[in-house]
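A.B. asks: Chains A and B, in that order, give the protein sequences. For the first sequence, position 177 matches number 185 in the numbering used here, and the numbering has no gaps at all. For the second sequence, position 412 matches number 441 in the numbering used here, and the numbering has no gaps at all. C-beta: ideal position from N, C-alpha, C; glycine also. Encoded as structure tokens, here's the structure I'll be asking about.
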Amino acid sequence: MWKIIKTRFQQGYRTSAYPDGPSALPERFRGRPVVSSQPCAQGCSACADSCPTQAIAFAEDRRVRLDLGKCIFCTECITACPEGAISYSTDHRMAARSREDLILSGEEARLAHALDEKTRKLFGRSLKLREVCAGSCNGCEAELTALNNVVFDLSRFGIQFVASPRHADALVVTGPVTDHMRGALRAAYDAMPTPKLVIAVGACAVSGGPFAGSPQAHDGADSTVPVDLYIPGCPPHPLTILDGILRLLGRLEGGRERV
Amino acid sequence: MSPTSRFRALRSPGAVELSAIPVVAVEEFRSGVLRAAKAGLRLCALFSRSVEGGTGLCAVLADDARGLLYILFSEPTKVLRSLTPELASAHLFEREIGESSGIEIEGHPWLKSVRKSPADKVVFFRESGAEVHEVAVGPIHAGIIEPGHFRFQCHGETVHHLEIQLGYQHRGVEALFCGGPDRRSVFVAESVSGDTAVGHTLAYCANLESLGGARASLRGEALRAASLELERLANHVGDLGAMSGDVGFLPAAAYFGRLRGEFLNLLMALSGNRYGRGLVRPGGAAFDLTSAMAEDFSARLARARTDMNAISGLLFESASVLGRFDETGVVSRQTARDLGFVGLAARASGLDLDVRRDHPHGLYRFRHIPVVKIDSGDVYARAMLRHLESLRSLDFLEELIADLPRGDACAACSAPRPGLLAVSLVEGWRGEICHVAETGDDGRFRSYRIVDPSFHNWPAVAMAMRGGEISDFPLCNKSFNLSYAGHDL
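So, in structure tokens, the structure goes:
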């Protein structure tokens, strides 16, 4: 007993200062990419050609359009581009409410906006999540589990993972939705009481990620259930997930928590 | 005649010309594999391969004492007389061949789908009798974990039999490699099993280097080994926390949970990603460790060691924890050997196996990690082994980071040469990862086969539950913490 108390004092207080303090991510952390707002040289498509998930396309005026939902945050395009038109910031914020909002093209990212007043009243201070893994590599589950540790401490925001879809307000989906999980995912969604939300976590659940186009998978959660929040990443950092959920609940505006 | 005289020998990682691998009639293939296994070789991989005129077979066996792999092909065949009755470790491989190749497996004691049919389409072993009941769990479980189906045959609280049916995570990994390497291949390798991104990518890159006739830079090898050990530490420590949570010992669960993040954060400082994605690349490592970073790493590792010792002290000195860990979920040494378990699960049952020592690759050829094994085969053994292996990894890392080889982090790696078979073994944190690549006349992958340690080890969970209480299942399962994604591919 004394040893437990002694270790407790040694371990100290470890919960991160987020959202009030700095996120303290290292220099090399690959957060939200920054895309040049200038049109690119005619004829060069080195970035798009190098992209493993075909996340890069060009607008009519030859500006780069980078789909964060497909991006798996590698460094291929950055190495390939002769002009340095794409780079990574250490900004962890990137969740959005629609697939279109995930497309970066020069201007600022369009981060997720809050739910309507009525739904926010229901879920704003207490949100129960049910996670369903539908073919992920387990990387996204690992980060979702990390949200429960003392550093990120999800429950201090009134958000918890629950065991049954019957107790859940939101379904958190990971993985590209494999053939074999499609029925179970749908059943879990149907078992939840309304109103309900769906949160797609990670490149696979948003777009199929590295498994896009595989005959055994269905290119993301919205092939099977309607999605309310898209959280990009491979896997997303726990803070990226937390930021997305808090924005959805209208508790982060101007970087401050608010209820 | 030596038991391996018909096989082609190879050191891992390495490549050999397809034409140099003996092709024998299927009966001779069968007897050759059985004879080699009887002589003490271990079955690493057994799979079908499409060849001119039909479908043949390929076997990879390991001689752990000599550090050699032995490879044999069979001629095309429509039928394989099952090896399983004489070599139990072949049972899952044969089920996979049966469902994916069209080769009929004759005389297999329990032939059913491995990953291509979900649980509602397959038959389960069923016990009958008074007061016997069945419990079905999954594919969706209560926690934040991957999907799988578990079918228990129980008598009261006692589990007589557990059958595990996976395949829900099957997303077509191996097929995505075919025709490669292309711009997607290395990223698929990183996503075979998300908690083993470094291990699987290392096995993939080692194959590409063998196929291209290239060599990774020494500094690159050192950075790879460092990240493989950081991956091991993060997972071992995370599992110790999860096991503490499963027996209701919350202080250790909370502290280990936080400590796991420290190792992930070291990987992030190095590679920009908490799981080391983007780090391991053909030819070496894509990110280097600066001397300022090395100093910072050493200080953080020293703090982690202090924490590790303090928290493990709490866990392993708590009588209520030991009461739950001791003699729960026992897997005997004989069972572990017969069924071909690998890695941590095998070492916790007293088998002396470790790819890092038996088939050393990269930096492990020059710097060694002592192998730890425990004989009791229970949950305690698997927990204690994680603690001891973590300390060994910390020793290795501290020495390595203070004295990294000089030079570039990455060397050039040319395109794969045609007509080769490459095999690489890597000791991931769960155990032996085996990748087998075959190139066609155009230098592209004709086939790419992956054996995750979980493929060998899932039956260990079922064996650990036999005669145990059903309420011990979460603890037993967590004590192995096997990958569903790595098994299902």
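Just grab the DSSP bridge partners of Phe102/B for me.
C.D. replies: The bridge partners DSSP lists for Phe102/B are Val52/B and Cys87/B.
A.B. asks: To the nearest angstrom, how far is the alpha carbon of Ile86/A from that of Ile94/A?
C.D. replies: Rounded to whole angstroms, Ile86/A to Ile94/A spans 6 Å at the Cα level.
A.B. asks: Could you give the distance in angstroms between the alpha-carbon of Ser41/B and the alpha-carbon of Leu119/A?
C.D. replies: Spanning the alpha carbons of Ser41/B and Leu119/A requires a straight line of approximately 48 Å.
A.B. asks: Any idea what DSSP makes of Gly352/B, helix, strand or coil?
C.D. replies: helix
A.B. asks: For Gly43/B, which residues does DSSP report across the bridge?
C.D. replies: Val452/B
A.B. asks: In the DSSP assignment, the beta strand (DSSP E) including Leu136/A goes from what residue to what residue?
C.D. replies: It is Lys, not Leu, that sits at residue 136/A in the sequence shown. It spans Leu135 to Cys141 - the beta strand (DSSP E) in which Lys136/A sits, taken as one unbroken run.
A.B. asks: Is it a yes or a no for the region 245 to 264 of chain A touching the region 212 to 228 of chain A, going by three-plus beta-carbon pairs under 8 Å?
C.D. replies: Judged by pairs of C-beta atoms under 8 Å, the region 245 to 264 of chain A does not touch the region 212 to 228 of chain A, as fewer than three such pairs exist.
A.B. asks: Gly143/A touches chain B at which residues, Cβ-Cβ below 7 Å?
C.D. replies: Gln198 and Arg200
A.B. asks: Is the region 160 to 177 of chain B in contact with the region 178 to 192 of chain A, if contact means three or more CB pairs nearer than 8 Å?
C.D. replies: yes
A.B. asks: Take Val360/B as the anchor and find which of His516/B, Asn506/B, Ser77/B and Arg95/B has the nearest alpha-carbon.
C.D. replies: Asn506/B
A.B. asks: Provide the residue(s) that pair with Gln182/B in DSSP beta bridges, ordered along the chain.
C.D. replies: Glu163/B and His190/B
A.B. asks: Can you look up Leu269/B in the DSSP assignment and give me helix, strand or coil?
C.D. replies: DSSP, reduced to helix, strand and coil, places Leu269/B within a helical segment of the structure shown.
A.B. asks: With a Cβ-Cβ cutoff of 8 Å, do Glu219/B and Gly313/B count as a contact?
C.D. replies: no
A.B. asks: Given a limit of 8 Å on CB to CB distance, which residues of the region 63 to 83 of chain A reach chain B?
C.D. replies: Ile80, Phe81, Cys82 and Thr83
A.B. asks: Does the ligand FAD have even one heavy atom less than 7 Å from the beta-carbon of Asp177/A?
C.D. replies: Inclusion of the ligand FAD in the displayed structure is not the case, the ligand content being empty and no account of it being possible.
A.B. asks: Check whether the region 143 to 154 of chain B and the region 180 to 194 of chain B touch, using three or more Cβ-Cβ pairs below 8 Å as the test.
C.D. replies: yes
A.B. asks: Could you check whether the Cβ of Val350/B sits closer than 8 Å to any Cβ belonging to chain A?
C.D. replies: no
A.B. asks: Going by DSSP, what residues sit across from Ala335/A in a beta bridge?
C.D. replies: Any answer about residue 335/A is impossible in this case: the structure gives chain A only from 9 up to 267.
A.B. asks: Within 10 angstroms of the Cβ of Ala412/B, are there 16 or more other Cβ atoms? Answer buried if so, exposed if not.
C.D. replies: Buried, because 16 or more other Cβ atoms sit within 10 Å of the Cβ of Ala412/B.
A.B. asks: What is the rounded straight-line gap between the Cα of Asp275/B and the Cα of Pro503/B?
C.D. replies: Spanning the two alpha carbons is a distance of roughly 7 Å.
A.B. asks: Chain B beta carbons: is any one of them nearer than 8 Å to that of Gly114/A?
C.D. replies: no
A.B. asks: Among the residues of its own chain, which have a CB less than 6 Å from the CB of Met235/A, if the five just before and after it don't count?
C.D. replies: Here the sequence assigns Val to residue 235/A, which means Met is not the residue at that position. Once the five neighbours on either side are set aside, the close Cβ partners of Val235/A are Val206, Ala208 and Ala229.
A.B. asks: Can you confirm whether Ile398/B, when its beta carbon is compared against all beta carbons of chain A, has any partner nearer than 8 Å?
C.D. replies: no
A.B. asks: Are the C-beta of Phe169/A and some C-beta of chain B separated by less than 8 Å?
C.D. replies: Yes, because at least one Cβ of chain B sits closer than 8 Å to the Cβ of Phe169/A.
A.B. asks: List the residues that DSSP assigns as beta-bridge partners of Thr182/A.
C.D. replies: Cys141/A
A.B. asks: Taking the alpha carbon of Gly4/A as the reference point, which residue from Val170/A, Gln168/A, Ala213/A and Leu76/A has its own alpha carbon closest?
C.D. replies: Residue 4/A is absent from the structure shown; chain A starts at 9 and stops at 267.
A.B. asks: Quick test of the definition: if touching needs 3 or more C-beta pairs under 8 Å, does the region 268 to 283 of chain B touch the region 240 to 259 of chain B?
C.D. replies: no
A.B. asks: Identify the continuous beta strand (DSSP E) that holds Ile132/B and give its terminal residues.
C.D. replies: Premise fails: Ile132/B is in no beta strand (DSSP E) and is neither H nor E.
A.B. asks: Could you give the C-beta distance for Ala49/B and Leu90/B, rounded to a whole number, given that I count them as a contact under 8 Å?
C.D. replies: Their Cβ separation, rounded to whole angstroms, is 17 Å, which puts Ala49/B and Leu90/B out of contact at 8 Å.
A.B. asks: With distances taken between CB atoms, is the gap from Ala514/B to Val221/B smaller than 8 Å?
C.D. replies: yes
A.B. asks: So what's Arg124/B in DSSP terms, helix, strand or just coil?
C.D. replies: helix
A.B. asks: Would you tell me roughly how many angstroms separate the C-alpha atoms of Asp367/B and Asp383/B, rounded to the nearest one?
C.D. replies: 17 Å
A.B. asks: Quick one: residues in its chain with C-beta nearer than 8 Å to the C-beta of Ala213/B, no 5 flanking neighbours on either side, listed in chain order?
C.D. replies: It is worth fixing the name first, because residue 213/B is Arg in this sequence and not Ala. So the list reads Leu205, once near-sequence residues are dropped.
A.B. asks: Determine, for His100/A, whether the minimum Cβ-Cβ distance to residues of chain B falls below 8 Å.
C.D. replies: no
A.B. asks: For the alpha helix (DSSP H) containing Asp198/A, name the first residue and the last one.
C.D. replies: Asp187 to Ala199
A.B. asks: Measuring straight from C-alpha to C-alpha, what distance separates Arg95/B and Asp387/B?
C.D. replies: 8 Å
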